[in-house]
Each structure stands twice: as structure tokens, then as C-alpha cells.
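Chemist:
Chains as they are written, first to last, in the working numbering: chain A, 70 to 314; chain B, 1053 to 1274.
(1) Could you tell me the distance, in whole angstroms, from the CA atom of residue 1111 of chain B to the CA atom of residue 1216 of chain B?
(2) What is the C-beta distance between residue 127 of chain A and residue 268 of chain A, in whole angstroms, given that I count them as a contact (C-beta under 8 Å)?
(3) Do you know how far the Cα of residue 189 of chain A is from the Cα of residue 1225 of chain B?
(4) Examine the Cβ distances between the segment 106 to 117 of chain A and the segment 197 to 204 of chain A and report whether three or more of them are shorter than 8 Å.
(5) In three-state terms, what does DSSP make of residue 195 of chain A?
(6) Per DSSP, what kind of secondary structure is residue 1069 of chain B in: helix, strand or coil?
(7) Just to confirm my understanding: we take residue 1173 of chain B, look at its own chain, exclude 5 residues before and 5 after, and list those with CB closer than 6 Å. What are they?
(8) Return the CA-CA distance between residue 82 of chain A and residue 271 of chain A, expressed in angstroms with no decimal places.
(9) Just reading off the alpha helix (DSSP H) that residue 142 of chain A is part of, what are its end residues?
(10) Listed from N- to C-terminal order along the chain, which residues in the segment 151 to 168 of chain A have their beta-carbon within a distance smaller than 9 Å of any beta-carbon of chain B?
(11) Can you tell me whether DSSP reads residue 279 of chain A as helix, strand or coil?
(12) Which one or two residues does DSSP pair with residue 120 of chain A in a beta bridge?
(13) Hey, does residue 259 of chain A have any beta-carbon neighbour from chain B nearer than 9 Å?
(14) Using a Cβ-Cβ cut-off of 9 Å, state whether residue 91 of chain A counts as contacting chain B.
(15) Any beta carbon of chain B sitting closer than 9 Å to that of residue 238 of chain A?
(16) Counting only Cβ pairs nearer than 8 Å, list the residues of chain B close to residue 223 of chain A.
(17) What first and last residue would you give for the alpha helix (DSSP H) that runs through residue 1185 of chain B?
(18) What does residue 1217 of chain B touch in chain A if you count any residue whose Cβ is under 8 Å from its own?
(19) Return the chain-ordered ranges of every beta strand (DSSP E) run that is complete within the segment 287 to 314 of chain A and spans a minimum of 3 residues.
(20) On a Cα-Cα basis, can you pick out the residue from B/1184, B/1122, B/1221 that is closest to residue 1196 of chain B?
(21) Please decide whether residue 1094 of chain B counts as near chain A, where near means a Cβ-Cβ distance under 9 Å.
(22) For my contact list, residue 1213 of chain B and residue 217 of chain A are in at a C-beta cut-off of 8 Å; report their separation, rounded to the angstrom.
(23) Who are the Cβ neighbours of residue 1274 of chain B in its own chain at under 8 Å, not counting the five residues just before and after it?
(24) Quick one: Cα of residue 1257 of chain B to Cα of residue 243 of chain A, how far?
(25) Give the straight-line distance between the Cα atoms of residue 98 of chain A and residue 311 of chain A, rounded to the nearest whole angstrom.
(26) Applying a beta-carbon distance threshold of less than 8 Å, which residues of chain A neighbour residue 1223 of chain B?
(27) Can you find a C-beta in chain A that's less than 9 Å from the C-beta of residue 1061 of chain B?
(28) So that I know if they touch, is there some Cβ in chain A lying closer than 9 Å to that of residue 1252 of chain B?
(29) Which stretch, first to last residue, makes up the alpha helix (DSSP H) that contains residue 159 of chain A?
(30) Are the C-beta of residue 1128 of chain B and some C-beta of chain A separated by less than 9 Å?
(31) Please state whether the Cβ-Cβ distance between residue 1113 of chain B and residue 245 of chain A is less than 9 Å.
(32) Here's the rule: buried if 16 or more other CB atoms are within 10 angstroms of the residue's CB, otherwise exposed. What is residue 276 of chain A?
(33) Quick one, which of A/112, A/100, A/231, A/171 has its alpha-carbon nearest residue 134 of chain A's?
(34) The alpha helix (DSSP H) spanning residue 104 of chain A covers which residue range?
(35) Does residue 1076 of chain B pass the burial test, meaning 16 or more other C-beta atoms within 10 Å, or should it be called exposed?
(36) I'd like to know if the segment 1139 to 1154 of chain B and the segment 1261 to 1269 of chain B are in contact, where contact means that at least 3 CB-CB pairs between them fall below 8 Å.
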């Protein structure tokens, strides 16, 4: 078991693993997206209150889950990188950061598009919206820091530290923001409480969440291959890449 | 082991002799807060409502002007390398350096704050709470800022970078500080916010000097 994990630290092994995973992840992602989209757009009934407009939930909720999920996963990578100095972990961070920032942006955009017809405004300084916005800024800060540092080695190290500092700060931000808002203004626009979701809507939602997760894994596999080739271009295994499989 | 007093004196003197380093951010604080009434409206009710927030944000921005040069001169002339290699714990001199900076900048800022508060028509309770919240909050801002200054110590000629990275991380302190002032001017209880600011400060004071020292070591020895 330990030996197997140890082998994952090698770029060549990771490259091969990613290459093998790609077709399977592609099939899974395509299947889930087709099934999820049909379920979301045709099979699930319109909401009794929000009508057809509620269907944006099938994009909004999965991206919101991934925006935070990717942050936790790169935090784990950062710990692995700092403690065991495994370079593949840093390559994973490098390819996953833009993806996490993108999902955060998608969450904000779909949320504000959803907010306009339902709440009557594109933006409101609600606790969850504000936390998500600050998360986007944190992603931006990490990417900016990694790009600005002179050598890849320092960039990797400082980036990993910053990810962990952000991880400690995120709950503090979340709680202070929700306290700030709940004291500042009561629910004027957020009056409706979402009913616990009906099974006919829940099922496509779960499928879409699965689709977004498998899409992320597919993207990370593809991007990781490129990143590893770029980083290890002078090594033996990359030079003999054609005889690898 | 270098005695604390001598360490502090060194940092204090080198800072004092570079007057523009701390005087210009303070002047920036004064001038920039003065722009808000000009740009929005001179109505006392509006100014009172936003006064606490404006002063807090400007105090934060004044800090950001100093941060890029917190460790950089020492890094460039090799002092930092000597510190890292010396047997003195990095925690000790980081604390002394930050103490010197805080006394030189934050204390005058707190003297200026009541004057600015009067310009914004804040009530005397609100001004009192504002000063207390700055006393409790600015050291946390400094410590987190110094953490990021340590991370970016090898970056040259990109003074905006540190602001981009540090601002989102500092939002909780900013919100708690502003909230306490707002509640004080509305006549509500404000001790909870001040208590939380104190809690953040206690956490930052105990953990961050060690972490800053460690990060400087890692970044300098890279």
C-alpha cells in the first residue's frame, strides 16, 4: 500500500496513470452530462414557485461545491508538497488553481443571473455571496503570487504556504461575514426558504454534481500531463516518451 | 543572544531616520480620508454612518503602502541573511521590528483618528470605540501583512502584489472593526466585536511572529 503511494510521487508514474484515466473519465463525464442535462432540462418538473428559472440550480450548486472542494483538495496537495516535497503535488496545484477560480466565477455569475428574476437584483451583500467573492479574490491572489515570484521553486513553496494561510482564514471570513450581514440587515429579499428538494429534482442535481466532479478530474488529468511534460522535459522518461507504454 | 532593548533600538532608529517611510503613509491617511466628504456629500448623517468604515479602510491602505518595504531593504543589503543565520530566534527580531513599526505608525494614526472622527461627525462614544478597535485591530493587520511580506520578500518591483494577496485575507478584521464603530454610533452593544478583535489579536500575537520568522528563513535560504 505504502509502496504504491510512494510510486505516485514519481512524475512518470503519474503521467502514465493520468493517461490511462483520461479515456474512462471522458466516457464517464460525457455520459453523466448527457443524462444530467436531459434530466435537468426535460425530466424534472418546473418549480411551483420559481417556474423554469430554478433550473440554473443544476449548474450553480455543482460549481459552488467544486469552488470550495477544489480549494480543500489543493490544500491537501500543499501539505503533501511542503511536508514530503513531492513535486507532482505542486504540478497538481498549478493546474487546479485556474479551475477552482473558474468554478468560483461560474458560481457568482450563475448566482447573480438567478438572483435577478428571483430576488429582483443581480447582487446582494449576503453572507454566502460575499464569502464566495472573497474566495475568488483569494484564488486570484494565489495565482498572482505564483506568477510573480522569480523562480518556480520559490513560487511553489510560497504558493503552498499561501494556500494554507487562506485555508485557516476561510472559516474566519465565513463567520465574520455571516455575522456582519445578519446584524447589518435582516432578510428582506431572501425571504423564501427553499423547500427540501423533490426527488425528481434531486436526482438530476446529484447527476450534475457527479458530472462536474468527473469533468474536473478529466481536466486535471489532461492538464497534469502537459504540466509534467513541460516541467520534466530534460529527464530521461520524457525523452523516451514514445516507448513508455 | 542580543538583548531585546538593543534590538528594538536598532529597528526604531533605522525607521526613525527614514522619515518618508512612515510619514508619507500617515499623510496619505489624512488626505485620502478628507476626500470622502468632498466626493460624496457633506451631510453629517451620511458622514457619521460611513466614517468608521472610511477610517478603517484608509488605515488598512496606509499599512499597505509600508508593507512592500518592510523586509525588502534588509533582504537586499544582506542583513536578513545575517539574521537568519544568527543564533537569535527569528521570532524575537521579527517581533521587535514589528513593534517599532507599529509604534511609529499606528500610534500617530490613533492620535489622528479622533480628529478625523470629528471631521466625520462621529459621536464621542463612536470615536472612543473606533480608537479601541484600531488599538486591537491594527496589530493583527500588521502581523498578517508581515506574513505576506515575508512570503514575497524575494519579489522585486511589484509593490501591488502584496496588496492583492493580503486584502482578501484581512476582510474579517476590517469588518469587525467597522461593525463595532457602527454599533457604537447606533447606541448598541459593541463589546462582542471588540472581544472578537481581541481574540484574533491574541491568536495572531502568539502564532504569527514564529511563522513569519520561519517563512523568512525558508524564503531567504531558497
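Positions of the beta carbon are idealized from the N, C-alpha and C atoms, including for glycine.
Modeler: Once the coordinates are examined:
(1) Looking up residue 1111 of chain B in the second chain gives position 59. Looking up residue 1216 of chain B in the second chain gives position 164. If you take the alpha carbons of residue 1111 of chain B and residue 1216 of chain B, they lie about 16 Å apart.
(2) Position 58 of the first chain, counted from the first residue, corresponds to residue 127 of chain A. Position 199 of the first chain, counted from the first residue, corresponds to residue 268 of chain A. The beta carbons of residue 127 of chain A and residue 268 of chain A sit about 15 Å from each other, so the pair does not count as a contact at 8 Å.
(3) Counted from its first residue, the second chain places residue 1225 of chain B at position 173. Counted from its first residue, the first chain places residue 189 of chain A at position 120. Each residue's Cα considered, the two are about 31 Å apart.
(4) no
(5) As a position in the first chain, residue 195 of chain A is number 126, starting the count at 1. Note: residue 195 of chain A maps to coil in three-state DSSP.
(6) Residue mapping note: residue 1069 of chain B aligns to position 17 of the second chain, counting from 1. If DSSP states are grouped into helix, strand and coil, residue 1069 of chain B belongs with the helices.
(7) What you label residue 1173 of chain B is simply residue 121 of the second chain in a count that begins at 1. Taken in chain order, the residues that qualify are 1096, 1099, 1100.
(8) Along the first chain, one-based indexing puts residue 82 of chain A at 13. Along the first chain, one-based indexing puts residue 271 of chain A at 202. In a straight line, the C-alpha of residue 82 of chain A is about 38 Å away from that of residue 271 of chain A.
(9) For the purposes of this step, residue 142 of chain A is taken as residue 73 along the first chain, with counting starting at 1. Where residue 142 of chain A is concerned, the enclosing alpha helix (DSSP H) stretches over 126 to 153.
(10) none
(11) The sequence position of residue 279 of chain A within the first chain is 210, counting from 1. Note: residue 279 of chain A maps to helix in three-state DSSP.
(12) Position 51 of the first chain holds residue 120 of chain A. Its beta-bridge partners are A/116.
(13) What you label residue 259 of chain A is simply residue 190 of the first chain in a count that begins at 1. Confidence in residue 259 of chain A is poor, its pLDDT being 41 and thus under 50, which makes the residue's placement too unreliable to answer from.
(14) Mapped onto the first chain, residue 91 of chain A falls at position 22. Residue 91 of chain A does not count as touching chain B.
(15) Counted from its first residue, the first chain places residue 238 of chain A at position 169. Interface residue, yes.
(16) Taking the first residue of the first chain as 1, we reach residue 223 of chain A at position 154. The contact set of residue 223 of chain A on chain B, defined by CB atoms closer than 8 Å, consists of 1206, 1271, 1274 in chain order.
(17) Taking the second chain and counting its residues from 1, one reaches residue 1185 of chain B at position 133. Residues 1176 to 1203.
(18) Along the second chain, read from residue 1 onward, the residue named residue 1217 of chain B stands at position 165. Ordered by position in chain A, the residues that pass the 8 Å Cβ test against residue 1217 of chain B are 210, 211, 213, 214, 231.
(19) none
(20) As a working mapping, residue 1196 of chain B is identified with position 144 in the second chain. It is B/1221.
(21) Here residue 1094 of chain B is taken as the residue at index 42 of the second chain, counted from 1. Judged by the 9 Å Cβ criterion, residue 1094 of chain B is not in contact with chain A.
(22) Counted from its first residue, the second chain places residue 1213 of chain B at position 161. Counted from its first residue, the first chain places residue 217 of chain A at position 148. Between residue 1213 of chain B and residue 217 of chain A a beta carbon distance of about 5 Å is seen, short of the 8 Å cut, so the two are scored as contacting.
(23) Taking the second chain and counting its residues from 1, the one referred to as residue 1274 of chain B is at position 222. Within the same chain, residue 1274 of chain B has close Cβ partners 1206.
(24) Sequence index remark: in the second chain, residue 1257 of chain B carries index 205 (1-based). Sequence index remark: in the first chain, residue 243 of chain A carries index 174 (1-based). If I take the Cα positions, the gap works out to 22 Å.
(25) The count along the first chain starts at 1 and reaches residue 98 of chain A at position 29. The count along the first chain starts at 1 and reaches residue 311 of chain A at position 242. Taking the straight line from one Cα to the other gives about 28 Å.
(26) Counting from one through the second chain, the residue named residue 1223 of chain B turns up at place 171. Ordered by position in chain A, the residues that pass the 8 Å Cβ test against residue 1223 of chain B are 203, 242, 245, 246.
(27) Position 9 of the second chain, counted from the start, is the residue given in the question as residue 1061 of chain B. No - not a single Cβ of chain A is within 9 Å of the one on residue 1061 of chain B.
(28) Here the question's residue 1252 of chain B lines up with position 200 in the second chain. Yes, its Cβ sits closer than 9 Å to a Cβ of chain A.
(29) Indexing the first chain from 1 puts residue 159 of chain A at position 90. Residues 156 to 188.
(30) What you label residue 1128 of chain B is simply residue 76 of the second chain in a count that begins at 1. Answer no: the Cβ-Cβ gap between residue 1128 of chain B and chain A never drops below 9 Å.
(31) Residue 1113 of chain B sits at position 61 when you count from the first residue of the second chain. Residue 245 of chain A sits at position 176 when you count from the first residue of the first chain. Result no, Cβ atoms of residue 1113 of chain B and residue 245 of chain A do not sit closer than 9 Å.
(32) Reading the first chain from its first residue, position 207 is the one you call residue 276 of chain A. Of the other Cβ atoms in all chains shown, 16 or more fall within 10 Å of the Cβ of residue 276 of chain A; this residue is therefore buried.
(33) As a working mapping, residue 134 of chain A is identified with position 65 in the first chain. Nearest of A/112, A/100, A/231, A/171 to residue 134 of chain A, Cα basis: A/171.
(34) Within the first chain, numbered from 1, the residue matching residue 104 of chain A stands at position 35. Residue 104 of chain A -> alpha helix (DSSP H) spans 80 to 107.
(35) Here the question's residue 1076 of chain B lines up with position 24 in the second chain. Exposure of residue 1076 of chain B is indicated by the presence of fewer than 16 other C-beta atoms within 10 angstroms of its C-beta.
(36) yes
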